[in-house]
Amino acid sequence: MKKNMTRFATLAALAIMAQAGTAAAQDCSVKVGVVLPTSVDWGKPIAETALWVAEMMNEAGGVNGCKIDPILRDSQTDPKVGVDAAKALVDLDKVQLLIGAVSSGVTIPILTSVTAPAGVMQISCCSSSTRLTDIAAEGTTKGLWFRTFATSNVQAAVAAMLAKDAGMKKITVLYKNDDWGQDIGKLATAAFEAAGIEVAGQIAITDGQPSYRAEVTEALGNQPEALYLALYPKEGISVVREWISLGGTTKMIGTNSLKSDEFRDAVGLQYLADFIGTDTSAPRTESATAFIDSYTAHFGSAPAGPGLPNSFDATAVALLAYHAAGKDATGAEIAAKVPMVTDPAGEKVGGDVEGFKKAIALLSEGKSVSFQGGTGAVAFDANGDVSAPAVEWVFGADGAISETRYIPLEEIGAFLASVN
Amino acid sequence: MIQNLVDGVLTGSIISLGAIGLTLIMHMLRFANFSYAELLGIGAYTALVFDKLLAVLFPALSGKIGALTLTGTLALSVLLAMVVAGASAVVIDALVFKRIRAKADALSMVFASFGVALILRNVITLIFGQKAQLYSNDIAFAIVVSRDPLLLIKPDQVFVLLAALVLMGGLHLVLTRTTFGFALRAVAENPVLAQVSGVRLSVIVTSVWLIGGALSAAAGVFYALTNHLSPAMGHNFVLPVFAATIVGGIGSVYGAVLGGFIVGIASGLALMVLPSGYIPAMPFLIILFVLMLRPHGLFGEDQG
């Protein structure tokens, strides 16, 4: 408790300092709204990371010479609280850029009822729902929406890539009958079909059923060459054992949810020799290592917990775009400059004070840069989504889970582009 | 089609075993016992313990019987598990339900049964962990009975069906050929009249718990033999078992058997007309349908 209090006080002090500094050093400031769940333990480091980026940007010169004034509000991971906070920031503080939120359940109402109608740009570090992709594709977000967290789309695409590489022609998709499973099941089906693989059937597996015999029989009737399993270990065990006992193929592709010893032990290693797993991965790039080093140097401990590099990159990209657009820019103008910050052809700039200085100078000259952050080279698609590197994993001969192939961001991007 | 039908019969036999005890308890004690299905879990885990124990004590018995994954030790363990689960049912009744029965109404019993279910499930989790467990790690391969239409049957499933039928047949003989069976049926029909005729209610109640617990334990082991053990396994059976009981008519042993098969077969066949995501709704649909036609279940009687 005491430690929490201290951390919270530090955070508050940081915010006050940022404001005080504004008044002292410069006569102009740019308000930026930040709505993050600071009241939950994993949310606080995400917010601290965002404020740290603002601090470094200020050190590097700020937005058009103006100090960045981040106004941090707690979303409490509650949609009502988050929307209220965002509304206050947009209506009262007149921010043109809003960073947040974490949970998709909070991010979506903020986006659809506050930022998009007001023409404010919104960027999130951590919302993963593909519903956000749909909202963007429908045009509701008017190009004002971005996120630095990869959706289930990456895993679905990797599954299709691996299936294609293995020469599979016909696959049956078994998915967990919940939001996550339906989402990834649908995405995987689309990816397989786009890669020229026939999807012989899509079968929902509802958890907590006494028997999956009927579902497995149905899958068997499809006579697929392989199974795609978007399941959790509990039902995965029942389904796979049933499947194998009925003479089904041992060729299987599974999601990261099956990366479990329980699944391996109960199904039996001897039946999992042909099993291939997919997962997203931390990038293996210099900039990702640099982020970890500078984070450790700044906060005194290595980044732990979800979404920290994503929060870093979201804030950095948004603030650099703000600079490129100018201090009086509207949300739409800032959003329009995001491609200038994430231009693969632009000069590479890193995520430190030096990097920000260089980026600010280049952007001021009207040149584009390629921001290299904690998640690697950030690149958004038309719906404001990012991709992520992925890995292929298997259960090794000794039963240990081993990553057999690293698929860099570029390769996934190329595959997604080729199938779309 | 045939495959779904056969699978339904096999799943149905397990549900039937679970429903027999429930229907008797519900009828005699006049309350919906939601903790009843947890006895499946108790039975299955007890058998797991005895199986491991016996395999160490009598290694000679640990070989597989024929084409089954069932071992000699597990077969013995089933019998032991039936005794233990029956005894636990009696103990639970003595500790919880008997006391509430004396003081409160049926609704309190229903709530108490929810509590008992939670406790039992979590005690199993506490002892054995959330992890899925297996009697045997080997996967028993199905035998191709026919290629067109495709029909695959696992030897274990045939054993389970036969064993379930033997147990049901045994119960039938007890109910129809013994004095105890007459007494039991008399209490089920009319407890007051049965007592007037000299039947001791407490003895009958205890034996019903014993029988119900034992049959549930068998159902639990049979289920785990063809699937796997997990602390939630009893919980997963609550709905199908209740559906079987209600469809068959509360109080009717034969109704429960038939209800179990109906629920099993309908869930199996449902996949041919419904998307797989809706299969879990099948037991509800059957309950609705049967109750609309026969408000007291297929074999149930109007109790006025």
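Residue numbers (the numbering used here), protein chains in the order written: chain A, 10 to 429; chain B, 52 to 355. By construction, the Cβ of each residue, glycine as well, lies at the ideal position given by its N, Cα and C atoms.
Would you check if the distance between the CB atom of residue i and the CB atom of residue j is smaller than 8 Å?
i: residue 78 (chain A); j: residue 49 (chain A); result: no
i: residue 272 (chain B); j: residue 94 (chain B); result: yes
i: residue 397 (chain A); j: residue 163 (chain A); result: yes
i: residue 279 (chain B); j: residue 185 (chain B); result: yes
i: residue 212 (chain A); j: residue 197 (chain B); result: no
i: residue 267 (chain A); j: residue 229 (chain A); result: no
i: residue 66 (chain B); j: residue 295 (chain B); result: yes
i: residue 283 (chain B); j: residue 217 (chain A); result: yes
i: residue 234 (chain A); j: residue 170 (chain A); result: no
i: residue 45 (chain A); j: residue 148 (chain A); result: no
i: residue 125 (chain B); j: residue 144 (chain B); result: no
i: residue 192 (chain A); j: residue 139 (chain A); result: yes
i: residue 79 (chain B); j: residue 243 (chain B); result: no
i: residue 218 (chain B); j: residue 275 (chain B); result: no
i: residue 219 (chain A); j: residue 120 (chain B); result: no
i: residue 115 (chain A); j: residue 88 (chain A); result: yes
i: residue 289 (chain A); j: residue 399 (chain A); result: yes
i: residue 347 (chain A); j: residue 65 (chain A); result: no
Excluding sequence positions up to five away, which residues of its chain have a Cβ less than 8 Å from the Cβ of residue i?
i: residue 205 (chain A); result: 173
i: residue 221 (chain A); result: 214, 244, 247, 248 and 251
i: residue 345 (chain B); result: 300 and 351
i: residue 191 (chain B); result: 118, 119, 120, 205, 206 and 207
i: residue 186 (chain A); result: 213, 214, 215 and 216
Please report the Cβ distance between residue i and residue j, rounded to the nearest whole angstrom; I am assuming they are in contact, meaning their Cβ atoms lie under 8 Å.
i: residue 128 (chain A); j: residue 405 (chain A); result: Contact flag wrong, Cβ pair sits at about 53 Å.
i: residue 216 (chain B); j: residue 140 (chain B); result: 23 Å between Cβ atoms; not a contact.
i: residue 111 (chain A); j: residue 136 (chain A); result: 7 Å
i: residue 275 (chain A); j: residue 183 (chain B); result: 5 Å
i: residue 353 (chain A); j: residue 386 (chain A); result: 7 Å
i: residue 106 (chain A); j: residue 369 (chain A); result: About 16 Å separates the two Cβ atoms, so there is no contact after all.
i: residue 336 (chain A); j: residue 39 (chain A); result: 5 Å
i: residue 235 (chain B); j: residue 226 (chain B); result: 7 Å
i: residue 297 (chain A); j: residue 318 (chain A); result: 7 Å
i: residue 318 (chain B); j: residue 74 (chain B); result: 19 Å between Cβ atoms; not a contact.
Nearest to residue i by alpha carbon, out of the options?
i: residue 315 (chain B); options: B:236, B:338 and B:301; result: B:338
i: residue 305 (chain B); options: B:275, B:321, B:283 and B:349; result: B:349
i: residue 257 (chain A); options: A:273, A:224, A:264 and A:407; result: A:224
i: residue 292 (chain A); options: A:417, A:338, A:424 and A:144; result: A:417
i: residue 360 (chain A); options: A:144, A:334 and A:320; result: A:320
i: residue 134 (chain B); options: B:267, B:231 and B:57; result: B:267
i: residue 322 (chain A); options: A:56, A:38, A:121 and A:51; result: A:56
i: residue 251 (chain B); options: B:233, B:162, B:312 and B:130; result: B:233
i: residue 127 (chain B); options: B:100, B:137, B:118 and B:117; result: B:100
i: residue 96 (chain A); options: A:43, A:52, A:75 and A:134; result: A:43
i: residue 77 (chain B); options: B:312, B:238 and B:123; result: B:238
i: residue 118 (chain A); options: A:93, A:51, A:285 and A:232; result: A:93
i: residue 205 (chain B); options: B:110, B:150 and B:117; result: B:117
i: residue 347 (chain B); options: B:298, B:329, B:199 and B:221; result: B:298
i: residue 306 (chain A); options: A:58, A:47 and A:314; result: A:58
i: residue 356 (chain B); options: B:168, B:131 and B:324; result: A query on residue 356 (chain B) cannot be resolved here, the shown segment of chain B reaching from 52 to 355 and no further.
Which same chain residues, not among the five before or five after residue i, have their C-beta less than 6 Å away from its C-beta?
i: residue 196 (chain A); result: 161, 162 and 165
i: residue 282 (chain A); result: none
i: residue 413 (chain A); result: 401 and 403
i: residue 155 (chain A); result: 132, 389 and 393
i: residue 367 (chain A); result: 358
i: residue 304 (chain A); result: 312
i: residue 56 (chain B); result: none
i: residue 291 (chain B); result: 66, 314 and 334
Which residues in the same chain have their Cβ closer than 7 Å to the Cβ of residue i, if we skip the five residues on either side of it in sequence?
i: residue 425 (chain A); result: 166 and 396
i: residue 350 (chain A); result: 326, 329, 330, 333, 378 and 380
i: residue 142 (chain A); result: 160, 392 and 394
i: residue 145 (chain A); result: 154, 392 and 393
i: residue 321 (chain B); result: 330 and 333
Counting only Cβ pairs nearer than 8 Å, list the residues of chain D close to residue i.
i: residue 227 (chain A); result: Absent from the structure: chain D. Protein chains present are A and B.
*Entirely within the region 243-299 of chain B and at least 4 residues each: give me those alpha helix (DSSP H) ranges in chain order.*
252-277 and 284-299
In chain order, which continuous runs of the beta strand (DSSP E) of length 3 or greater are located wholly inside the region 339-367 of chain A? 356-359
* Could you name each continuous beta strand (DSSP E) segment of 3 residues or more that falls completely within the region 233-283 of chain A, going from the start of the chain to the end? => 235-239 and 261-263
Report the residue ranges of all beta strand (DSSP E) runs contained in full by the region 364-422 of chain A; include only those spanning at least 3 residues, in chain order. 378-382, 399-404 and 410-416
| field | Runs of alpha helix (DSSP H) lying entirely within the region 132-196 of chain B, each at least 4 residues, in chain order | value | Counting only runs of 4 or more, we get 149-154 and 157-179.
Q. Enumerated in chain order, which unbroken segments of the beta strand (DSSP E) with a length of 3 residues or greater are wholly contained in the region 28-104 of chain A?
A. 38-45 and 76-83
**Asked** Along the chain, which unbroken stretches of the beta strand (DSSP E) at least 3 residues long are found entirely within the region 95-156 of chain A?
**Response** 106-109, 130-133 and 154-156
### Query
What residue ranges within the region 150-223 of chain A form continuous alpha helix (DSSP H) runs of no fewer than 4 residues, ordered along the chain?
Counting whole runs of 4 or more residues, the region 150-223 of chain A contains the alpha helix (DSSP H) stretches 162-174 and 188-203.
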